[in-house]
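As you go down the protein sequences, you meet chains A and B in turn. So for the first sequence, my numbering puts the first residue at 1; every next one is plus one. So for the second sequence, my numbering puts the first residue at 1; every next one is plus one. A virtual CB, placed ideally from N, CA and C, is assigned to each residue, including glycine. The block underneath contains the structure these notes are about, expressed in C-alpha cells.
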Amino acid sequence: MKRRLTVFLACLFLGASLAASAGPAEDRKALTAHYKQLLPGVKFQDYVLGALALNKDALDQYESIMMFPPFVNDVDDGRKTWEKPFKNGKTFASCFRNGGKKVAGGYPYFDNGVGKVLTFENALNACLRHNDEAELKYGSTELGLLSAYAKSLSDGMKVQVKVEGPAALAAYENGKTHYYSRRGQLNFSCASCHIDNVGKFVRSEQLSPMIGQAAHWPEFRAGTELVTLQGRFRQCQKNVRATPLEFNSEEYNNLEYFLTYMSNGLPMQTPVFRK
Amino acid sequence: MRKKLTLMFALIAGLGVVNLSVAADAAKEPAGRTVAFDKAKGNCIACHAIPNDPKAESPGNIGPPFIMMKERFPDRNKMRTQIWDSTVANPRTSMPPFGKHQILTEQEIDQVVEYIHSL
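Structure representation (C-alpha cells):
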C-alpha cells in the first residue's frame with residue numbers, strides 16, 4: 001500500500017515536472033526570457049562575451065588584448081599537431097567533413113550507435129584511434145591546444161546542437177539535472193550562480209549568463225593559461241567545495257551537451273582571452 | 001519592498017547619517033569579524049557589503065548589505081537561524097547553510113552573530 005502510494009506520488013511528481021518543462025526548445029525559450037528580463041541592456045549576440053558583456057571597461061580591455069592575443073604561440077602548437085601526418089600519412093582533416101572547417105558548432109551530439117553524447121574532443125580522439133594512433137589524455141594540455149586550433153577553424157559558426165529522440169533527450173535531461181542540483185559543502189547548484197544571480201557580484205567577480213557560455217572554448221585565462229570547458233566545470237565545483245568529476249565522464253559530457261544546446265544560434269568565438 | 005528598503009539604507013549610508021568611522025582597532029578585532037572576512041570560513045563579504053567597515057573592500061551584492069542589523073533583527077536568534085540554515089527562510093536561497101553543513105563551528109557562528117548584530 002505504502003509502495004503504491006509512493007509510486008503514485010512519484011508519477012504525479014513526474015507529471016508535474018514534465019508539464020513544467022515541456023522540452024529543450026521550451027527550456028531555452030524560458031531561459032532566454034529570464035535573461036532578457038534580468039539583463040535588459042545586453043543583446044542576445046553578446047551573450048558569448050559572458051561577464052564581459054556586462055562591463056564596458058572589462059570589454060575594452062578584452063578587445064585590446066584580442067588584437068594581439070598572447071596565446072598565438074600556444075594555438076600554433078595545436079596547429080602543428082593538427083597538421084602533422086599520422087604514420088599512415090593522413091591528418092586530422094581527413095576525419096572531418098569539410099576538412100574540419102565550420103563543423104565544431106554541431107558538437108556535442110548524441111550518437112545513437114554508441115548511445116552516448118560525443119564531444120568534439122571525443123571526435124579528435126576517435127580520429128587518432130581510427131588511424132592507429134595513441135589517443136590523447138582528456139584534460140591534457142596537448143588535447144586542449146589541439147582542440148583550440150581545431151575549433152578556431154569553426155570560428156563564427158553558429159552553435160547548432162540537436163536533441164532528437166528519447167535517448168538524446170535522456171542525456172540532455174541528465175545534464176540539466178546536474179545543472180540544477182545543489183552540491184558540495186557550500187550547497188550551490190550551477191543555476192544558483194549563473195541563472196538566479198546572473199549579473200550580480202561574488203566579491204569582485206560578476207556572474208555571466210549560462211546562455212553563451214559554451215560557445216568559446218577552450219579559453220586562455222590571464223593570457224596563456226589554457227582552460228577547457230570541462231576544466232571550468234571543475235573549477236566552479238571546487239570553488240563551492242564539491243568534488244569535481246573526471247574529464248570526459250559521462251555526466252560531464254551530458255552537462256556539456258545541455259549547456260551547449262542552450263547556446264544554440266550564437267556564433268562560436270574560439271579561442272578567446274579571459275582574465 | 002526589500003528593494004525599497006535596500007535603497008533606503010543605501011541612501012542613509014550615502015548621507016553619512018550612519019557613522020562611517022567605526023575604524024577597526026586591530027587590538028580588539030572581534031573574532032566574528034575574522035570569521036566573516038576569511039575566505040575559508042564565512043566569506044560573508046563574497047555576497048554582503050558591510051558599508052560601515054572600510055576594510056570590507058569590493059564586496060559582492062548577492063545578499064543585502066549588513067547595516068542596521070539590530071533594528072532589522074531585534075531577535076538575535078532569528079539571525080542565528082538564518083546563518084545556521086538559510087534554506088529554512090528561503091528554500092531557493094543561494095546563501096550557504098553555515099551550521100547545517102558544518103562550514104562554521106557553533107562557536108564561530110556565535111561570534112559572527114555577535115559581530116554582524118553590532119553593525
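For ALA40(B), the closest alpha carbon among the candidates GLN185(A), TYR261(A), LEU229(A) is that of GLN185(A). Look at the beta carbons and you see the segment 247-267 of chain A touching the segment 45-62 of chain A: at least three pairs across the two are nearer than 8 Å. Taking 8 Å as the upper bound on Cβ-Cβ separation, chain B lies near residues GLN185, LEU186, ASN187, PHE188, SER192, CYS193 of the segment 175-193 of chain A. Of all C-beta pairs linking the segment 114-123 of chain A to the segment 231-250 of chain A, three or more are shorter than 8 Å, placing the two stretches in contact. Under the 8 Å criterion on CB atoms, PHE110(A) is classed as non-interfacial with respect to chain B.
Less than 8 Å separates the beta-carbon of HIS48(B) from that of PHE66(B). Using a Cβ-Cβ cut-off of 8 Å, ILE109(B) does not count as an interface residue toward chain A, since no Cβ of chain A sits closer than that to its own. In this chain, the beta strand (DSSP E) harbouring GLU225(A) covers 225-227. Of all alpha-carbon atoms in TYR179(A), ARG274(A), ASN197(A), PRO267(A), the one lying nearest the alpha-carbon of ASN253(A) is that of TYR179(A). When PRO267(A), ARG183(A), ASP132(A) are compared, the shortest CA-CA separation from LYS90(A) is found for ASP132(A).
In the DSSP assignment, no residue is bridged to PHE258(A). With a cutoff of 8 Å on beta-carbon distance, ILE45(B) and PRO59(B) are scored as near each other. In the DSSP annotation of this structure, LEU118(A) is not part of any alpha helix (DSSP H); the continuous beta strand (DSSP E) holding it starts and ends at 116-118. Contact annotation: in the segment 200-215 of chain A, residues whose CB is within less than 9 Å of a CB in chain B are LYS200, PHE201, VAL202, ARG203, SER204, GLU205, LEU207. Residues of chain A with a Cβ closer than 8 Å to the Cβ of ALA46(B) are, in chain order, VAL202, ARG203. Listed by position along chain B, the residues whose Cβ is nearer than 8 Å to that of ASP196(A) are ARG92, SER94. Looking at the DSSP output, GLN206(A) sits in a beta bridge with PHE201(A). Sixteen is the threshold: since fewer than 16 other Cβ atoms of the shown chains lie within 10 Å of the Cβ of ARG129(A), the residue is exposed.
Apart from sequence neighbours up to five positions away, the residues of its chain that approach GLU135(A) with a beta-carbon distance below 8 Å are ASN125, LEU128, ARG129, ordered along the chain.
Within 10 angstroms of the beta-carbon of GLY99(A) lie fewer than 16 other beta-carbons, which makes it exposed.
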